[in-house]
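If you count by our numbering, then the sequence shown holds residues 1261 to 1631, one letter each, in order.
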Amino acid sequence: MTKYGRFWQNGRIVLPLRLYHALSSIITLCVACLLSSGFVYWLTTRVGVVLQIWQALGICCLLTVLLGGLALAWEAKYYIRPAEVVVQASSKVAKGIFTMEVPLPNFHIIPLEGIILIENFNLMTRELHGMDQMRKEFIENVSHEFKTPIASIAGLTELLLEGGFEEKEKQEFLSLVHAEALRLSRLSENVLRLSRLDSQEIVSQQEKVAVDEQIRQTLILLTEKYSDTELLLDIHLETITVISDPDLLMQIWLNLIDNALKYSPSGTTLHIAGKVDDDIAIISIRDEGIGIPSAKQARIWSRFYQCEESHKEQGHGLGLSIVKRIVELLGGSIDCRSEVGQGTEMILRLPRNISQKNIQRSHLGHNDVLR
């Protein structure tokens, strides 16, 4: 056995490079020695050349070194071939061609390190290709999202400049311009926030935060926004205190509760529950809204993705992407449970102390039930 797998894989003999090189060198030198000895024997017995012992040994050594060197140089292509093909492919990757895939050499015996090198290179190119595609999609989505409100503002201001409208109509147009400007402002803030989160790896701000109080404050802030909707609140929050970043936590609650309120029909109930279990804060936010089809649930964390076309004017599809990234930074996890017509539940699991981000994933399992 090797650290990679069995010595025999997919019709090939796989050996660690040191063992491969040692065996090939020993076999090559043995063959060279036999050939040189045979040549000396042929000279003395068949040709009749009389050689002193030191002469015979000298000829044997010279031929062994010569034949062995030539043979080893020829054999080297077998264990340096993986490196050669990776070097050739990397020059194309350096030029921005991220679709390169290096096949395994068609040799019967191949070094283990060669296989690992090629497979890691292919994994790298696939990741680079995915990142490149994501970058292009991100730029296209940002351009599209900016284009719509800018076009609206340009069109409305052009109408206002033409004149001939009553005061009431002017106020309506100005209100629309103001709304589109706010939409652009929110989009810019979210794009910048997501960019900062992507480049952030360490949460430096660590304070004692009362999560239950933060959630209540969030509800107060958002109640006015949805004051025209008749919603009931079912709140069951234990006293939950964590050592974390209060600003990042607030972003989580603002995005999740705003989403829940946005997709909750009038007359339904918003359920929020929270508890602490084994140093893990578990928060559940559940609405009784339209729900998310199972086919779309895997994509809700994608940037600019929105399940409902009817809500495109109210958001940009960045909220859940921001939440997902923040939860990762805080060392937690988030799960979505949803059924069409039954509503959606978001379950967060956050460590009570951000400095313990190495908590075993088993502590952040999926079998916790809020009561």
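Virtual Cβ for every residue (Gly too), placed ideally from N, Cα, C.
(request) Just list the alpha helix (DSSP H) runs in the segment 1475-1552, keeping only unbroken ones of 4 residues or longer that don't cross its boundaries, in chain order. (result) 1506-1522
(request) Using three-state DSSP, classify Thr-1359 as helix, strand or coil. (result) As a first step, residue 1359 is located in the sequence shown; it is residue number 99 there, counting from the start. DSSP, read as helix, strand or coil, puts Thr-1359 in coil.
(message) Once the 5 residues before and after Asn-1382 are set aside, which same chain residues still bring their CB inside 7 Å of it?
(response) Position 122 of the sequence shown, counting from 1, holds the residue named residue 1382. Contacts found: Glu-1361, Val-1362.
(request) Tell me whether Asn-1380 sits in a helix, a strand or coil according to DSSP, three-state version. (result) Taking the sequence shown and counting its residues from 1, the one referred to as residue 1380 is at position 120. Residue state, collapsed to three classes: helix.
(request) Using only alpha-carbon positions, find the residue among Leu-1303, Gly-1374, Ala-1441 that is nearest to Lys-1407. (result) The count along the sequence shown starts at 1 and reaches residue 1407 at position 147. The option with the nearest alpha carbon to Lys-1407 is Ala-1441.
(message) Assuming Thr-1305 is part of the alpha helix (DSSP H), what are its boundary residues?
(response) Sequence index remark: in the sequence shown, residue 1305 carries index 45 (1-based). Per DSSP, Thr-1305 lies in no alpha helix (DSSP H) and is assigned neither H nor E.
(message) Contact between the segment 1374-1392 and the segment 1328-1346 is defined here as three or more beta-carbon pairs at a separation below 8 Å; is this criterion met?
(response) yes
(request) Would you mind reading off the limits of the beta strand (DSSP E) that contains Arg-1597? (result) The sequence position of residue 1597 within the sequence shown is 337, counting from 1. Residue range 1593-1599 is occupied by the beta strand (DSSP E) that includes Arg-1597.
(message) I need the boundaries of the alpha helix (DSSP H) containing Leu-1364, first residue and last residue.
(response) Locating residue 1364 in the sequence shown gives position 104, counting from the first residue. It is not in any alpha helix (DSSP H) - Leu-1364 carries neither H nor E in the DSSP assignment.
(message) If you follow the beta strand (DSSP E) that Arg-1221 is in, where does it begin and where does it stop?
(response) An answer regarding residue 1221 cannot be provided, because it is not within the stretch 1261 to 1631 covered by the chain.
(message) Assuming Gln-1466 and Ile-1500 are in contact, meaning their beta carbons sit under 8 Å apart, how far apart are those beta carbons, in whole angstroms?
(response) One-based indexing of the sequence shown puts residue 1466 at position 206. One-based indexing of the sequence shown puts residue 1500 at position 240. The C-beta distance from Gln-1466 to Ile-1500 rounds to 16 Å, too long to meet the 8 Å contact threshold.
(request) Starting from Leu-1275, follow its DSSP beta bridges and name the residues at the other end. (result) Within the sequence shown, the letter at position 15 stands for residue 1275. Pro-1371.
(request) Would you kindly report the start and end of the unbroken alpha helix (DSSP H) that includes Ala-1470? (result) Reading the sequence shown from its first residue, position 210 is the one you call residue 1470. First-last for Ala-1470: 1467-1470, but that is the beta strand (DSSP E), not the alpha helix (DSSP H).
(request) Quick one: grab the DSSP three-state call for Gly-1579. (result) Looking up residue 1579 in the sequence shown gives position 319. When secondary structure is reduced to three states using DSSP, Gly-1579 falls in the helix class.
(request) To the nearest angstrom, report how far apart His-1389 and Lys-1396 are at their CA atoms. (result) The residue you call residue 1389 lines up with position 129 of the sequence shown. The residue you call residue 1396 lines up with position 136 of the sequence shown. Looking at the two C-alpha atoms, the distance is approximately 11 Å.
(request) Decide yes or no for the touch test of the segment 1347-1361 against the segment 1297-1313: beta carbon pairs closer than 8 Å, at least 3 of them. (result) no
(request) Counting only the same chain and skipping the five closest in sequence on each side, list residues whose C-beta sits under 8 Å from that of Leu-1436. (result) Here the question's residue 1436 lines up with position 176 in the sequence shown. Hits under 8 Å: Ser-1412, Leu-1416.
(request) Taking Val-1600 and Ile-1512 to be in contact with their CB atoms under 8 Å, please state how far apart those CB atoms are, rounded to whole angstroms. (result) On the sequence shown, position 340 is the one that residue 1600 refers to. On the sequence shown, position 252 is the one that residue 1512 refers to. Not confirmed; about 25 Å, so no contact.
(request) Measure the alpha-carbon distance for Ala-1331 versus Ala-1282 and round it to whole angstroms. (result) Within the sequence shown, the letter at position 71 stands for residue 1331. Within the sequence shown, the letter at position 22 stands for residue 1282. Straight through space, the alpha carbons of Ala-1282 and Ala-1331 are spaced by roughly 14 Å.
(request) Please state whether DSSP places Gly-1328 in a helix, a strand or coil. (result) Taking the sequence shown and counting its residues from 1, the one referred to as residue 1328 is at position 68. In the structure shown, Gly-1328 sits in a helix (DSSP, three-state: H, G or I).
(message) Within the continuous alpha helix (DSSP H) that includes Ala-1555, where are the two ends?
(response) In the sequence shown, the residue the question calls residue 1555 occupies position 295. Element bounds for Ala-1555: 1554-1557.
(message) Relative to the C-alpha of Lys-1584, which candidate in Lys-1556, Leu-1516, Arg-1597 has its C-alpha closest?
(response) Within the sequence shown, the letter at position 324 stands for residue 1584. Here the closest residue by C-alpha is Leu-1516.
(request) Go through its chain and collect everything with a Cβ distance to Ile-1543's Cβ below 6 Å, but skip five positions before and after it. (result) By 1-based counting over the sequence shown, the position of residue 1543 is 283. Around Ile-1543: Gly-1534, Leu-1608.
(request) Check each candidate in Met-1510, Asp-1505, Gly-1527, Lys-1468 and name the one with the smallest Cα separation from Ile-1480. (result) Numbered from 1 along the sequence shown, position 220 holds the residue referred to as residue 1480. Of the listed residues, the one whose Cα sits closest to Ile-1480 is Met-1510.
(message) I need the straight-line Cα distance from Asp-1505 to Ile-1582, nearest angstrom please.
(response) Translated into positions along the sequence shown, residue 1505 becomes position 245. Translated into positions along the sequence shown, residue 1582 becomes position 322. Their backbone Cα atoms lie some 15 Å apart in a straight line.
(message) Does Pro-1409 pass the burial test, meaning 16 or more other C-beta atoms within 10 Å, or should it be called exposed?
(response) As a first step, residue 1409 must be located in the sequence shown, where it is residue number 149. Burial call: buried.
(request) Whole angstroms is fine: what's the gap from Ala-1558's alpha carbon to Glu-1490's? (result) Locating residue 1558 in the sequence shown gives position 298, counting from the first residue. Locating residue 1490 in the sequence shown gives position 230, counting from the first residue. Going from the Cα of Ala-1558 to the Cα of Glu-1490 covers about 30 Å.
(request) Drop a sphere of 10 angstroms on the beta-carbon of Asp-1547, count the other beta-carbons inside from all chains shown, and report buried for 16 or more, exposed for fewer. (result) For the purposes of this step, residue 1547 is taken as residue 287 along the sequence shown, with counting starting at 1. So Asp-1547 counts as buried.
(request) Answer with buried or exposed for Ala-1414, where buried requires no fewer than 16 other C-beta atoms within 10 angstroms of its C-beta. (result) Taking the first residue of the sequence shown as position 1, residue 1414 is located at position 154. Result: exposed.
(request) Use the C-beta contact count for Leu-1590: other C-beta atoms within 10 angstroms, 16 or more gives buried, fewer gives exposed. (result) Indexing the sequence shown from 1 puts residue 1590 at position 330. Per the 10 Å Cβ criterion, buried.
(request) Output the distance between the C-alpha atoms of Gly-1423 and Glu-1484, rounded to the nearest integer angstrom. (result) Stepping through the sequence shown from its first residue, residue 1423 is reached at position 163. Stepping through the sequence shown from its first residue, residue 1484 is reached at position 224. In a straight line, the C-alpha of Gly-1423 is about 35 Å away from that of Glu-1484.
(request) Go ahead and label Glu-1569 buried or exposed: buried means 16 or more other beta carbons lie within 10 angstroms of its beta carbon, across all protein chains shown. (result) Taking the sequence shown and counting its residues from 1, one reaches residue 1569 at position 309. Residue placement at Glu-1569 is flagged as unreliable, the pLDDT there being 42, under the threshold of 50; a coordinate-derived value is accordingly withheld.
(request) Measure the alpha-carbon distance for Leu-1295 versus Leu-1279 and round it to whole angstroms. (result) On the sequence shown, residue 1295 is found 35 positions in, with the first residue counted as 1. On the sequence shown, residue 1279 is found 19 positions in, with the first residue counted as 1. Cα to Cα, Leu-1295 sits roughly 24 Å from Leu-1279.
(request) Go ahead and pull the three-state DSSP assignment for Gln-1348. (result) Start at 1 with the first residue of the sequence shown, and residue 1348 comes out as number 88. Of the three classes helix, strand and coil, the one that applies to Gln-1348 here is helix, per DSSP.
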